[in-house]
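> Sending over a structure as structure tokens; questions will come in a sec.
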Amino acid sequence: MVEPRYPGAFETLIALGDCWDEDALEASRPQIMELSARISRCHEHSSRFLSAAGSILNDTYRIALEFTDAAKIERYASRFARRELGRGASGRGRQSFRFLSGVTNQGLLRFDGTIQALAQKIYLVEDPYGAASRLLLDQIRARALERGYDVIVCSCPLSPFDKAEHLIIPELSLAVMSGNCTGLPQVKACRTIHYTRFTDLEGLRAMRNRLGLNKKAALQLLGRSCELLAEAKALHDELERYYIAATDFEAVDLVTDALREKILKKYHPSVG
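Numbering of the sequence shown is given in the working numbering, commencing with residue 854 and proceeding in unit increments.
Next comes the structure, spelled out in structure tokens:
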């Protein structure tokens, strides 16, 4: 439900509630209220599991960051930019943000095919801990924008404001993808960049028990979050049946036809 900011002036409210049989819905009030409450609890608990998983993965990132050579990553990004980005154009590029992965009622999903459709050349950053890949993608993004390229930033759903999972530069048909605790994207990459080249492996190895526990816990929490979303979806389907049974779809069609005519008359008068 989205509340209109400028009702009538900018947004138009469409009252489909007039198409309900309110007597039928009132007769099912106890069931509807119970199902709605259960759905809300599922979403609330799912969010808590997601928050816990994000906290654990952030702990892993901070541990790995201590053993990551940021200067070496910056030098690599400079070489990458000279080789792949060239001189670029005048002005600064623009960035837009998208999600290509998510925690869903169908499990942990990632739409690798989208990047394969947008980029002929794909670099894959293999990094199970998220420190080297995060720094590297940030460096490449900054250099691409400085050279005037528009960049599609595919954000991590658990850290959407500070972690890019993938970058796409459509003008160059180029993408840089990273893996995470669930594994690597299933794409045909021209080259794989391993986190080990930027990492003090001996120092990181001393933290392997903690890192291993973090990975196991995060995957369990993410899995439970998906299960709760699946439960919420099943309950929502059950709730929806009450509304389907109480809806006059012929009345909905009349509202739809009237709205279509209004739009055509106002914005495409020649069509009418």
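Ideal Cβ placement from N, Cα and C applies to all residues, glycine included.
If you draw a straight line from the C-alpha of threonine 1109 to the C-alpha of glutamine 1073, how long is it?
Each residue's alpha carbon lies about 45 Å from the other.
> Under 8 Å, with one C-beta from each stretch per pair, do the segment 1037-1046 and the segment 883-903 reach the 3-pair mark?
Result no; under three Cβ-Cβ pairs closer than 8 Å.
> Using DSSP with H/G/I as helix, E/B as strand and the rest coil, what is histidine 1121?
DSSP places histidine 1121 in coil when its eight states are reduced to three.
> According to the neighbour-count rule (16 or more other Cβ atoms, all chains shown, within 10 Å of its Cβ), is asparagine 1062 buried or exposed?
With fewer than 16 other Cβ atoms within 10 Å, it is exposed.
> Out of Asp980, Val1029, Glu1055, which one is the CA nearest neighbour of alanine 934?
It is Val1029 whose Cα lies nearest to the Cα of alanine 934.
> What residue range is occupied by the uninterrupted alpha helix (DSSP H) comprising leucine 988?
First-last of the alpha helix (DSSP H) with leucine 988: 984-999.
> My output table needs one value for phenylalanine 902: the three-state DSSP class, helix, strand or coil.
Three-state result, phenylalanine 902: helix.
> On the three-pair Cβ rule with 8 Å, is the segment 1067-1085 touching the segment 889-909?
Short answer: they touch.
> Please determine, among Asp876, Ser900, Leu953, Trp873, the residue with the shortest C-alpha to C-alpha distance to arginine 1077.
When each option's Cα is compared against that of arginine 1077, the closest is Ser900.
> Between glycine 966 and alanine 1099, what straight-line distance do the alpha-carbon atoms span, to the nearest angstrom?
The straight-line gap from Cα to Cα measures roughly 40 Å.
> Can you find the residues in the same chain that come closer than 6 Å, C-beta to C-beta, to glutamate 1024, ignoring five residues on each side of it along the sequence?
Result list for glutamate 1024: Tyr1002, in chain order.
> Would you grab the beta carbon distance between alanine 985 and isoleucine 916 for me? Rounded to a whole angstrom, and I think it's under 8 Å.
That belief does not hold up - the Cβ atoms of alanine 985 and isoleucine 916 are roughly 13 Å apart, past 8 Å.
> Which complete beta strand (DSSP E) runs does the segment 1014-1069 hold, if anything under 3 residues is left out?
Entirely contained in the segment 1014-1069, the beta strand (DSSP E) runs reaching 3 residues are, in chain order, 1027-1031, 1044-1047.
> In chain order, which continuous runs of the beta strand (DSSP E) of length 3 or greater are located wholly inside the segment 936-975?
Runs of the beta strand (DSSP E) inside the segment 936-975: 948-951, 954-957, 960-963.
> Would you say aspartate 980 and tyrosine 1048 are within 8 Å of each other, going by their C-beta atoms?
Yes, the pair counts as a contact, with Cβ atoms nearer than the cut-off.
> Apply the 10 Å Cβ neighbour rule to isoleucine 1138 and answer buried if 16 or more other Cβ atoms are within range, or exposed otherwise.
Within the shown structure, residues of the chain are numbered from 854 to 1125, placing residue 1138 beyond reach of any answer.
> With DSSP as the reference, label valine 1006 as helix, strand or coil.
DSSP places valine 1006 in strand when its eight states are reduced to three.
> Name the residue from Thr921, Arg882, Leu938, Glu879 whose alpha carbon lies nearest to the alpha carbon of glutamate 1055.
Per the Cα distances, Thr921.
> Confirm, please, whether the CB-CB distance from leucine 903 to valine 855 is below 8 Å.
No.
> If you count every other CB in all the chains shown that lies within 10 Å of the CB of lysine 1119, and 16 or more means buried, which is it?
Per the 10 Å Cβ criterion, exposed.
> Taking the alpha helix (DSSP H) that alanine 923 falls in, what are its first and last residues?
That run of the alpha helix (DSSP H) goes 923-933.
> Quick one: grab the DSSP three-state call for valine 1108.
Residue state, collapsed to three classes: helix.
> With distances taken Cα to Cα, identify the nearest neighbour of arginine 945 among Glu897, Ala995, Leu1107, Ile867.
Per the Cα distances, Ala995.
> How would you write the range of the alpha helix (DSSP H) that leucine 878 sits in, first residue to last?
875-880 is the extent of the alpha helix (DSSP H) around leucine 878.
> Quick check on arginine 894 - is its C-beta less than 8 Å from some C-beta in chain B?
In the structure shown, chain B cannot be found, because there is only a single protein chain.
> Buried or exposed: which applies to alanine 880, given that a residue is buried once 16 or more other Cβ atoms fall within 10 Å of its Cβ?
It counts as exposed.
> Between glycine 960 and the rest of its own chain, which residues show a CB-CB distance below 6 Å, the 5 nearest in sequence each way excluded?
Same-chain partners within the cutoff: Cys1079.
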